[in-house]
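Structure first, commentary second.
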Amino acid sequence: TEISNLSQLHTFHTENNDLNGTMPQEICALRDDFGGNLTSLATDCVADPTAEVECTCCTCCQEECYADYVVSGSSAIEDAGLDSSDRYQSQAALWLDNFNGDLLQTYSDERILQLYALVSIYLSTNGVPTSYTSAVTESGQIQEWDNSDGWLTEDDECTWFGIECDENGIVTKIDLAYNSMTGIMPTEIRILAPGLEYLDISGNQIASVGSDLDWIQSLTSLKHLDVHFNYFDYDGVPPYFVSLANLEFLDISYTLFFGALEGSAFAGLNALEYLEMGGNYYGSSVPPEIASLPSLERLYIDNAQLTGDISFIDTMSVKMFEFWIDDNTMLGGSIPASIGNLTALGSLSMTNCVLTGSLPSEMGELINVQQIWLFNNTLTGSTPEEIAELSKLKVFHTEDNEMAGKMPDSVCMMRDVFGGTLETLTADCAGDTPEVECICCTCCESPCY
Numbered sequence: 024t025e026i027s028n029l030s031q032l033h034t035f036h037t038e039n040n041d042l043n044g045t046m047p048q049e050i051c052a053l054r055d056d057f058g059g060n061l062t063s064l065a066t067d068c069v070a071d072p073t074a075e076v077e078c079t080c081c082t083c084c085q086e087e088c089y090a091d092y093v094v095s096g097s098s099a100i101e102d103a104g105l106d107s108s109d110r111y112q113s114q115a116a117l118w119l120d121n122f123n124g125d126l127l128q129t130y131s132d133e134r135i136l137q138l139y140a141l142v143s144i145y146l147s148t149n150g151v152p153t154s155y156t157s158a159v160t161e162s163g164q165i166q167e168w169d170n171s172d173g174w175l176t177e178d179d180e181c182t183w184f185g186i187e188c189d190e191n192g193i194v195t196k197i198d199l200a201y202n203s204m205t206g207i208m209p210t211e212i213r214i215l216a217p218g219l220e221y222l223d224i225s226g227n228q229i230a231s232v233g234s235d236l237d238w239i240q241s242l243t244s245l246k247h248l249d250v251h252f253n254y255f256d257y258d259g260v261p262p263y264f265v266s267l268a269n270l271e272f273l274d275i276s277y278t279l280f281f282g283a284l285e286g287s288a289f290a291g292l293n294a295l296e297y298l299e300m301g302g303n304y305y306g307s308s309v310p311p312e313i314a315s316l317p318s319l320e321r322l323y324i325d326n327a328q329l330t331g332d333i334s335f336i337d338t339m340s341v342k343m344f345e346f347w348i349d350d351n352t353m354l355g356g357s358i359p360a361s362i363g364n365l366t367a368l369g370s371l372s373m374t375n376c377v378l379t380g381s382l383p384s385e386m387g388e389l390i391n392v393q394q395i396w397l398f399n400n401t402l403t404g405s406t407p408e409e410i411a412e413l414s415k416l417k418v419f420h421t422e423d424n425e426m427a428g429k430m431p432d433s434v435c436m437m438r439d440v441f442g443g444t445l446e447t448l449t450a451d452c453a454g455d456t457p458e459v460e461c462i463c464c465t466c467c468e469s470p471c472y
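Quick note on my numbering: the sequence shown kicks off at 24 and runs consecutively.
Now the structure itself:
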């Protein structure tokens with residue numbers, strides 16, 4: 024009965040629990056029907072055949088009373104004195120209150136919830152200032168969405184810009200990339216979790232810090248998630264992705280993830296095929312758990328202040344098709360012989376690092392590789408003859424290293440001018456006494472790109 028002391032209470036939901044007994048009359052007296060503030064009161068009071076909780080004043084007795092909260096909650100905004108300019112939830116509920124009543128009555132509870140979630144996304148990310156926008160905006164004017172066609176109209180929400188639905192009207196795709204979004208991504212996006220398979224909010228100025236990102240873990244139907252170029256501040260990579268067992272595409276590059284990589288943050292992502300995570304500051308080595316993801320075909324970790332060596336290649340998925348790890352000036356060590364196991368590899372880029380040692384002869388086993396960029400390292404030795412076995416190779420860059428010797432004639436014969444596939448071949452071959460003797464190279468002095 025002490026709940027009745029909460030005179031400002033507007034919403035009280037206890038449904039889908041193991042409560043029993045009778046709802047106290049003192050709480051019923053808080054209902055707006057009796058002059059109180061309580062507009063939404065829910066519990067397990069369905070008589071089937073006997074209610075777990077007796078409640079004659081409840082507004083909802085079903086298992087899920089979220090729609091009741093959304094609609095009735097909005098009617099309490101004015102009484103509660105909520106500042107709609109600060110509370111996107113209040114604005115969203117008020118918008119539903121003002122929605123075409125006849126049309127709304129034709130909507131299922133699930134659709135009302137879906138509508139509420141979308142409106143919440145719009146109101147919490149459209150022209151909303153944050154500490155980040157204040158730092159980059161001189162005038163103080165926060166730009167609104169570039170394209171908001173259809174949003175917050177009575178048009179079917181499946182026709183709103185960036186929204187796609189399935190044949191049942193369930194939202195399956197949100198693509199609002201590079202749309203001048205600001206503010207925060209609301210937790211209400213979780214409402215869309217059952218159907219949402221594709222989410223792209225990249226290239227915006229959405230700000231989230233730490234646990235503000237925990238909405239990610241609820242979107243368990245996602246196959247595609249792209250959040251790059253946002254202000255997602257977290258110590259390392261957040262652990263919220265491990266719940267996304269269906270995820271095939273993940274781009275978390277150029278957010279504000281700052282801290283050591285933990286293999287546990289990627290555990291269970293067995294369907295992941297594409298992972299882009301560069302442009303952050305990790306200051307650690309690459310955990311083998313990332314490289315060994317069984318379905319991974321494309322991995323990009325450029326400009327990420329990686330340390331250690333590239334021994335994680337030993338555990339890399341044999342499905343790897345494209346592997347780029349450029350601009351990590353603290354990443355060293357030699358190229359392991361196990362690189363020859365990556366026979367599906369089509370593109371390899373490890374430039375502007377501090378790799379050492381000679382090129383392993385096992386690179387000649389990369390039978391499908393078309394592009395190899397290794398410039399600006401401290402590699403030594405000469406180009407192995409086995410490179411000539413790469414019959415699909417089009418680009419081979421080794422300039423700005425400490426390599427020496429002569430470019431093998433067999434590699435020169437791969438050049439397109441001799442009927443081969445090799446269009447670009449570079450080495451440190453400039454000057455009267457070049458480090459590498461190469462009469463067939465297309466470029467002998469950096470930059471060669």
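Cβ atoms here follow ideal geometry from the backbone N, Cα and C, with glycine treated the same way.
Check                                                                                                                                                                     : Outcome
Taking only the alpha-carbon atoms, compute the straight-line gap between V434 and A288 and give it to the nearest angstrom.                                              : 42 Å
Output the distance between the C-alpha atoms of G192 and D223, rounded to the nearest integer angstrom.                                                                  : 19 Å
Is DSSP giving W347 helix, strand or coil here?                                                                                                                           : strand
Mind listing, in chain order, the continuous beta strand (DSSP E) runs of no fewer than 3 residues lying wholly within the stretch 405-438?                               : 418-420
Just the C-alpha distance for L329 and L354, rounded to the nearest angstrom, thanks.                                                                                     : 6 Å
Looking only at DSSP bridge pairs, what is G356 linked to?                                                                                                                : L378
At the level of alpha carbons, what is the spacing between L368 and S143?                                                                                                 : 43 Å
Taking W474 as part of the beta strand (DSSP E), name the residues at either end of that continuous run.                                                                  : Here the chain covers residues 24 to 472 and nothing more, so residue 474 does not appear.
Give the C-beta separation of H251 and S225 to the nearest angstrom, bearing in mind that I take them to be a contact with Cβ-Cβ under 8 Å.                               : 5 Å
Who are the Cβ neighbours of I395 in its own chain at under 6 Å, not counting the five residues just before and after it?                                                 : L371 and F419
Indicate the three-state DSSP secondary structure (helix, strand or coil) for V309 in the structure shown.                                                                : coil
Would you tell me roughly how many angstroms separate the C-alpha atoms of M204 and N60, rounded to the nearest one?                                                      : 35 Å
The alpha helix (DSSP H) with D132 in it runs from where to where?                                                                                                        : D132 to T148
Using the Cα positions of A90 and Y472, report the straight-line distance between them to the nearest angstrom.                                                           : Its pLDDT being 43, under 50, A90 is placed unreliably in this model, and the value from its coordinates should be taken loosely. Whole-angstrom Cα-Cα distance: 58 Å.
Drop a sphere of 10 angstroms on the beta-carbon of E320, count the other beta-carbons inside from all chains shown, and report buried for 16 or more, exposed for fewer. : buried
Where does the unbroken alpha helix (DSSP H) through D120 begin, and where does it stop?                                                                                  : Y111 to D120
Name the DSSP bridge partner or partners of D249?                                                                                                                         : D223 and D274
Taking just the CA atoms, how far does E345 sit from A115?                                                                                                                : 44 Å
Give the range of the beta strand (DSSP E) segment to which C188 is assigned.                                                                                             : I186 to C188
Tell me whether the beta-carbon of W238 lies closer than 8 Å to the beta-carbon of I214.                                                                                  : no
Relative to the C-alpha of H247, which residue among L270, I186 and P470 is closest?                                                                                      : L270
So who's on the other strand from I197, going by DSSP bridges?                                                                                                            : I186 and L222
Using a threshold of 8 Å, state whether the C-beta atoms of P217 and S244 are closer than that.                                                                           : yes
Count the other CB atoms within 10 Å of the CB of Y92; is the residue buried (16 or more) or exposed (fewer)?                                                             : Here the model assigns Y92 a pLDDT of 41, short of 50, so the residue's position is not dependable, and the following value carries that caveat. Buried, by the Cβ-count rule.
Could you tell me the alpha carbon to alpha carbon distance between E177 and D274, rounded to whole angstroms?                                                            : 33 Å
Taking a contact to mean a Cβ-Cβ separation below 8 Å, would you say I197 touches L175 in this structure?                                                                 : no
Using a Cβ-Cβ cut-off of 7 Å (strictly less than) and excluding sequence neighbours within five positions of E458, which residues of its own chain qualify?               : M426, A427 and D451
Taking DSSP's pairing of strands, which residues face V459 in a bridge?                                                                                                   : G428
Identify the continuous alpha helix (DSSP H) that holds E385 and give its terminal residues.                                                                              : Looking at the DSSP string, E385 is not in any alpha helix (DSSP H), and its letter there is neither H nor E.
Tell me the rounded alpha-carbon separation between T456 and K429.                                                                                                        : 12 Å
Provide the residue(s) that pair with T45 in DSSP beta bridges, ordered along the chain.                                                                                  : E77
Let me check one thing: in DSSP terms, what residues is R321 bridge-paired to?                                                                                            : Y297 and E345
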